[in-house]
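Novice:
There are 2 protein chains.
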Amino acid sequence: MPTSRDRLIDAAFALFAEHGFDATTVDDVSARAGVGRTTFFRTFRSKEDVIFPDHDAMLAAVGDRLRTATSATAAIAVTEAARLVLEHYLAEGARAQQRYRLTRSVPALRNRETASLQQYQRTFRAFLQDWMGSTAGAELRAELMANAVVTAHNHVLRRWLRENISAAEAEKEFAAAMSHVLRIFADPAPNDGETAVVVLRTTRSLDDLLPALRELVDSPDTTTDLRKARS
Amino acid sequence: MPTSRDRLIDAAFALFAEHGFDATTVDDVSARAGVGRTTFFRTFRSKEDVIFPDHDAMLAAVGDRLRTATSATAAIAVTEAARLVLEHYLAEGARAQQRYRLTRSVPALRNRETASLQQYQRTFRAFLQDWMGSTAGAELRAELMANAVVTAHNHVLRRWLRENISAAEAEKEFAAAMSHVLRIFADPAPNDGETAVVVLRTTRSLDDLLPALRELVDSPDTTTDLRKARS
DNA sequence: GCTGTTACGGTACTCGGTACCATACCAAGG
DNA sequence: CCTTGGTATGGTACCGAGTACCGTAACAGC
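Those sequence lines, one after another, are chains D and G. Letter by letter, the first sequence follows residues -4 to 226 of my numbering. Letter by letter, the second sequence follows residues -4 to 226 of my numbering.
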């Protein structure tokens, strides 16, 4: 016999799909699961929580994965931590898609999910802040990157949930999206001896720009930006 | 005599500060405002909403500002739309800080606020998607940028709410943060006749890279990325 | 057989939120 | 002046989520 927790989850998904979230009471779910109402609220903090039964575990898993990394292995750790969540959803299959249908149509559930995303972002941000140090603007960069990681993950996940792509394609798109994010937030400050990062966008030809480029590359100030090369 | 709406807002902020959000009932707020409970729920959709009385108006203002722009003026429009929100909070003064204290300590209010942020993100994303077109990956880039704009705004706003910085400093940091975000998401795909965007990070010298650079610039495929220049 | 722990069910209560009805006010028009 | 209709308001009744508390059955170890 499955645990009362599992029976509650099954009952909830079945009833929410059949009659809708709002039209289903906690009493209905409890009755269908064959348990008392008290047991429901002992098992789940709220009626919404029963839809996200593995959230706490996933959040902890992400934290655990990130904890094993240092600033040197940050990029891999962030990618794998996010992949952990993706793989979990892919493994859930139809249930994840049913949840998606619910979160799209019921405002209360949508808000609940964005609250979950916020928790993921907080987790990523805490580690990224730690790894990025406390230089000026590092906090903002860490927050932006944490946000981007979660957003990229969710973007790909939603494409799978909408059945735009297969699970295999989702994994490929996830890898591409994550490497895109990592490239965007790659530390732009080169170390000693490296050529400076140069970003160009101009109608002038390359030959035309070469003198300014040489000056930039040879300059000790590696943070000089495009605008200084314009004059 | 102020409108019942204003009296309800004042009463709510006062009572929430005095007894806390959870310990204050809607009846308490209504009684203090001298109106009936029915009027409260006619004026605000929920008990939480009374804390964010201007949210709908701000969201509409952001949408209006973005609607006046085209893809050519997108950068300015996005910055100014976000600045609209920042200025509103700065003008609110102490009330904004009181709200911040509440959202930090009451989970229900925190979630409510993240839901508001999500709405801002949706608004920005819709316009950015429109402006960025439907090329591969544009949807992801639009979503990343929309979220980055909101995150950057909120990062600076929180620094002011925590009284880390003054209002004048907040406006300066906001400008810096927004230009940082815009630089990160600057369109890397040049239009016809422009030299391609080039991003370099290497230990090789510029002379060493020049042949590959020329090839990139002359190539009709303007999306060719750095890795292709490596071989 | 006794006892402490754990899981569970039932009851009663608070309070947010909705539906519905009644009323007071006010403006337009006859 | 009276009527009519819209608008803002208050009151009452109700639903259902969430909490507090109590009682009890199952089950472990001693």
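Using N, Cα and C, we set each Cβ at its ideal position, and we do this for glycine too.
Whose CA, out of D/148, D/68, D/146 and D/117, lies closest to the CA of residue 134 of chain D?
Specialist: In the first sequence, the residue the question calls residue 134 of chain D occupies position 139. Closest option to residue 134 of chain D, Cα to Cα, is D/117.
Novice: Should residue 140 of chain G go down as buried or exposed, given a rule of 16 or more other Cβ atoms within 10 Å for buried?
Specialist: Indexing the second sequence from 1 puts residue 140 of chain G at position 145. Label assigned to residue 140 of chain G: buried.
Novice: Just to make sure I have the definition right: I need the residues of chain D whose C-beta is within less than 9 Å of the C-beta of residue 166 of chain G. Which are they?
Specialist: Taking the second sequence and counting its residues from 1, the one referred to as residue 166 of chain G is at position 171. Per Cβ cutoff of 9 Å: no residues; residue 166 of chain G is ~15 Å from chain D at best.
Novice: Run down chain D in chain order and give the residues with a C-beta less than 7 Å from the C-beta of residue 113 of chain G.
Specialist: As a position in the second sequence, residue 113 of chain G is number 118, starting the count at 1. The answer, in chain order, is 109.
Novice: Touch check for the region 39 to 58 of chain D and the region -3 to 7 of chain D: three-plus C-beta pairs under 8 Å?
Specialist: Yes, the region 39 to 58 of chain D is in contact with the region -3 to 7 of chain D.
Novice: I'd like to know if residue 228 of chain D contacts chain G, where contact means its C-beta is closer than 8 Å to some C-beta of that chain.
Specialist: With chain D covering -4 to 226 only, the question about residue 228 of chain D has no answer from this structure.
Novice: Give the residues of chain D in contact with residue 179 of chain G, contact being defined as C-beta atoms less than 7 Å apart.
Specialist: The count along the second sequence starts at 1 and reaches residue 179 of chain G at position 184. Simply 179.
Novice: When the Cα atoms are used, what is the spatial distance from residue 74 of chain D to residue 148 of chain D?
Specialist: Stepping through the first sequence from its first residue, residue 74 of chain D is reached at position 79. Stepping through the first sequence from its first residue, residue 148 of chain D is reached at position 153. C-alpha separation (whole angstroms): 9 Å.
Novice: Counting C-beta neighbours from all protein chains within 10 Å, is the total for residue 227 of chain D 16 or more, i.e. buried, or is it exposed?
Specialist: Residue 227 of chain D lies beyond the range of chain D shown here (-4 to 226); nothing can be said about it.
Novice: Note the first and the last residue of the continuous alpha helix (DSSP H) segment covering residue 88 of chain G.
Specialist: As a first step, residue 88 of chain G is located in the second sequence; it is residue number 93 there, counting from the start. It is not in any alpha helix (DSSP H) - residue 88 of chain G carries neither H nor E in the DSSP assignment.
Novice: Below 7 Å between beta carbons is the criterion; list the residues of the region 147 to 159 of chain G that meet it against any residue of chain D, in chain order.
Specialist: Listed in sequence order: 147 and 150.
Novice: Does chain D have any CB closer than 8 Å to the CB of residue 138 of chain G?
Specialist: Position 143 of the second sequence, counting from 1, holds the residue named residue 138 of chain G. By this cut-off, residue 138 of chain G is an interface position.
Novice: Excluding the 5 residues flanking residue 76 of chain G on each side, which residues of the same chain have their C-beta closer than 7 Å to its C-beta?
Specialist: Position 81 of the second sequence holds residue 76 of chain G. So the list reads 57, 60 and 61, once near-sequence residues are dropped.
Novice: In whole angstroms, give me the CA-to-CA distance for residue 72 of chain G and residue 81 of chain G.
Specialist: Here residue 72 of chain G corresponds to residue number 77 of the second sequence, with the count starting at 1. Here residue 81 of chain G corresponds to residue number 86 of the second sequence, with the count starting at 1. Straight-line Cα distance between these residues: approximately 14 Å.
Novice: In three-state terms, what does DSSP make of residue 101 of chain G?
Specialist: Against the second sequence, residue 101 of chain G aligns to sequence position 106. The answer is coil: DSSP assigns residue 101 of chain G none of H, G, I, E or B.
Novice: Can you tell which of G/143, G/161, G/35 and G/120 has the C-alpha that lies nearest to the C-alpha of residue 92 of chain G?
Specialist: On the second sequence, position 97 is the one that residue 92 of chain G refers to. Of the candidates G/143, G/161, G/35 and G/120, the one whose C-alpha sits nearest the C-alpha of residue 92 of chain G is G/161.
Novice: Which same chain residues end up closer than 6 Å to residue 23 of chain G when comparing Cβ atoms and leaving out the 5 residues on each side of it in sequence?
Specialist: Position 28 of the second sequence holds residue 23 of chain G. The residues are 10.
Novice: Hey, could you find the ends of the alpha helix (DSSP H) residue 32 of chain G is sitting in?
Specialist: For the purposes of this step, residue 32 of chain G is taken as residue 37 along the second sequence, with counting starting at 1. Counting along the chain, the alpha helix (DSSP H) containing residue 32 of chain G begins and ends at 32 to 38.
Novice: Using the beta-carbon count (16 or more within 10 Å), is residue 195 of chain D buried or exposed?
Specialist: On the first sequence, residue 195 of chain D is found 200 positions in, with the first residue counted as 1. For residue 195 of chain D, the pLDDT reaches just 45, beneath the cut-off of 50, and the residue's location in the model is therefore unreliable, although a value from the coordinates is still provided. Residue 195 of chain D comes out buried.
Novice: Measuring only the C-alpha atoms, how far is residue 79 of chain D from residue 120 of chain D?
Specialist: Counting from one through the first sequence, the residue named residue 79 of chain D turns up at place 84. Counting from one through the first sequence, the residue named residue 120 of chain D turns up at place 125. C-alpha separation (whole angstroms): 17 Å.
Novice: What three-state label does DSSP hand residue 15 of chain D in the structure shown?
Specialist: Taking the first residue of the first sequence as position 1, residue 15 of chain D is located at position 20. Residue 15 of chain D falls in the coil class under three-state DSSP.
Novice: Taking Cβ to Cβ, would you say residue 228 of chain G is nearer than 8 Å to residue 115 of chain G?
Specialist: Beyond the ends of chain G as shown, which are -4 and 226, falls residue 228 of chain G; an answer cannot be given.
Novice: Answer yes or no: does any C-beta atom of chain D fall closer than 8 Å to that of residue 133 of chain G?
Specialist: Taking the second sequence and counting its residues from 1, the one referred to as residue 133 of chain G is at position 138. No - not a single Cβ of chain D is within 8 Å of the one on residue 133 of chain G.
Novice: Helix or strand or just coil, what does DSSP make of residue 46 of chain D?
Specialist: Position 51 of the first sequence, counted from the first residue, corresponds to residue 46 of chain D. The answer is helix: DSSP assigns residue 46 of chain D an H, G or I state.
Novice: Buried or exposed: where does residue 173 of chain D fall if 16 or more other Cβ atoms within 10 Å of its Cβ makes it buried?
Specialist: As a working mapping, residue 173 of chain D is identified with position 178 in the first sequence. Classification for residue 173 of chain D: buried.
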